[in-house]
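Residue numbers (my numbering): 1214 to 1335.
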(Lines of atoms letter the chains of each structure in order from A and count residues from 1; the text may use other names and numbers.)
(Lines give C-alpha, C1' and ligand atoms only; values in the text may rest on other atoms or scores of the structure.)
Protein backbone atom coordinates (compact mmCIF):
# COMPACT_ATOMS: atom_id res chain seq x y z
CA UNK A 1 0.00 0.00 0.00
CA UNK A 2 1.43 3.32 -1.08
CA UNK A 3 0.51 6.06 1.42
CA UNK A 4 1.16 8.84 -1.12
CA UNK A 5 -1.46 7.47 -3.51
CA UNK A 6 -4.35 8.32 -1.17
CA UNK A 7 -6.26 11.33 -2.46
CA UNK A 8 -6.92 12.91 0.95
CA UNK A 9 -3.25 13.53 1.63
CA UNK A 10 -1.80 16.94 0.83
CA UNK A 11 1.77 17.81 0.05
CA UNK A 12 4.06 19.18 2.70
CA UNK A 13 4.47 22.40 0.71
CA UNK A 14 0.69 22.87 0.47
CA UNK A 15 0.33 22.29 4.22
CA UNK A 16 3.07 24.81 5.07
CA UNK A 17 1.50 27.42 2.79
CA UNK A 18 -1.86 27.01 4.52
CA UNK A 19 -0.24 27.07 7.94
CA UNK A 20 1.44 30.37 7.09
CA UNK A 21 -1.93 31.90 6.25
CA UNK A 22 -3.51 30.73 9.51
CA UNK A 23 -0.64 32.20 11.51
CA UNK A 24 -1.17 35.58 9.84
CA UNK A 25 -4.94 35.73 10.41
CA UNK A 26 -4.77 37.39 13.85
CA UNK A 27 -2.66 40.18 12.35
CA UNK A 28 -5.39 41.23 9.92
CA UNK A 29 -6.97 43.49 12.57
CA UNK A 30 -3.96 45.80 12.38
CA UNK A 31 -4.58 46.36 8.66
CA UNK A 32 -7.81 48.34 9.20
CA UNK A 33 -7.33 51.98 8.08
CA UNK A 34 -7.23 54.45 10.98
CA UNK A 35 -10.28 56.37 9.77
CA UNK A 36 -12.33 53.16 9.65
CA UNK A 37 -11.27 51.99 13.12
CA UNK A 38 -13.34 52.69 16.22
CA UNK A 39 -12.42 55.74 18.24
CA UNK A 40 -10.11 54.79 21.10
CA UNK A 41 -11.67 54.84 24.54
CA UNK A 42 -10.25 57.18 27.14
CA UNK A 43 -7.94 55.25 29.44
CA UNK A 44 -9.00 54.78 33.06
CA UNK A 45 -6.22 55.25 35.55
CA UNK A 46 -5.71 54.81 39.27
CA UNK A 47 -3.20 56.68 41.37
CA UNK A 48 -2.37 55.76 44.95
CA UNK A 49 0.00 57.89 47.00
CA UNK A 50 1.89 56.33 49.88
CA UNK A 51 3.23 58.70 52.54
CA UNK A 52 5.21 56.43 54.84
CA UNK A 53 7.54 58.49 56.99
CA UNK A 54 7.60 61.98 58.43
CA UNK A 55 4.23 63.16 57.11
CA UNK A 56 1.25 63.97 59.28
CA UNK A 57 -1.33 61.96 57.34
CA UNK A 58 -4.17 63.73 59.15
CA UNK A 59 -3.33 66.80 57.04
CA UNK A 60 -4.07 64.79 53.89
CA UNK A 61 -7.48 63.50 54.95
CA UNK A 62 -10.71 64.87 53.52
CA UNK A 63 -12.50 67.17 55.98
CA UNK A 64 -16.11 66.34 55.04
CA UNK A 65 -17.58 63.37 53.20
CA UNK A 66 -20.16 63.34 50.43
CA UNK A 67 -20.30 65.13 47.08
CA UNK A 68 -19.47 68.51 48.66
CA UNK A 69 -16.31 67.33 50.40
CA UNK A 70 -13.66 69.87 51.29
CA UNK A 71 -10.08 69.22 50.29
CA UNK A 72 -7.45 69.74 52.97
CA UNK A 73 -4.72 72.32 52.49
CA UNK A 74 -2.09 69.97 50.96
CA UNK A 75 -4.71 68.71 48.47
CA UNK A 76 -5.96 72.14 47.33
CA UNK A 77 -4.00 71.86 44.07
CA UNK A 78 -6.35 69.00 43.07
CA UNK A 79 -9.41 71.28 43.15
CA UNK A 80 -9.42 71.72 39.36
CA UNK A 81 -9.61 67.92 38.98
CA UNK A 82 -12.41 67.53 41.53
CA UNK A 83 -14.90 66.06 39.03
CA UNK A 84 -12.39 63.39 37.98
CA UNK A 85 -11.12 62.17 41.34
CA UNK A 86 -12.53 60.18 44.23
CA UNK A 87 -10.42 60.74 47.32
CA UNK A 88 -10.77 58.39 50.27
CA UNK A 89 -9.09 58.16 53.62
CA UNK A 90 -9.37 56.48 56.99
CA UNK A 91 -8.57 53.03 55.64
CA UNK A 92 -7.32 50.75 58.39
CA UNK A 93 -5.60 47.40 58.26
CA UNK A 94 -5.64 45.44 61.53
CA UNK A 95 -2.17 44.04 60.85
CA UNK A 96 -0.60 47.44 60.29
CA UNK A 97 0.91 47.53 63.78
CA UNK A 98 1.33 51.29 63.42
CA UNK A 99 5.03 51.09 62.52
CA UNK A 100 6.25 53.02 59.50
CA UNK A 101 8.73 50.41 58.36
CA UNK A 102 6.24 47.54 58.02
CA UNK A 103 3.23 49.34 56.57
CA UNK A 104 4.65 49.01 53.06
CA UNK A 105 4.27 45.24 53.38
CA UNK A 106 0.48 45.41 53.59
CA UNK A 107 -0.35 48.62 51.75
CA UNK A 108 -3.20 48.14 49.22
CA UNK A 109 -3.43 44.46 50.14
CA UNK A 110 -5.25 42.25 52.57
CA UNK A 111 -2.09 40.37 53.42
CA UNK A 112 -0.88 39.56 56.89
CA UNK A 113 2.68 40.42 57.72
CA UNK A 114 4.55 37.14 57.66
CA UNK A 115 7.99 35.96 58.67
CA UNK A 116 9.21 35.68 55.09
CA UNK A 117 9.51 37.89 52.03
CA UNK A 118 7.26 35.74 49.88
CA UNK A 119 4.24 36.99 47.99
CA UNK A 120 1.20 36.68 50.25
CA UNK A 121 -1.39 37.76 47.69
CA UNK A 122 -1.39 35.18 44.92
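We put the CB at the ideal spot given by N, CA and C, even for glycine. Every value quoted in this text rests on a predicted model; they were computed, and no experiment measured them.
Taking 8 Å as the upper bound for CB-CB distance, residue 1284 and residue 1275 are in contact here, some 7 Å apart. Looking at the backbone, the Cα of residue 1296 and that of residue 1270 are separated by about 23 Å.
Scanning 1225, 1301 and 1223 for the CA closest to the CA of residue 1280 turns up 1301.
Cβ atoms of residue 1253 and residue 1273 stay farther apart than 8 Å, at about 34 Å. Rounded to whole angstroms, the gap between the alpha carbons of residue 1227 and residue 1236 is 15 Å. Looking from the CA of residue 1259, the closest CA among 1232, 1298, 1233 and 1230 belongs to 1298.
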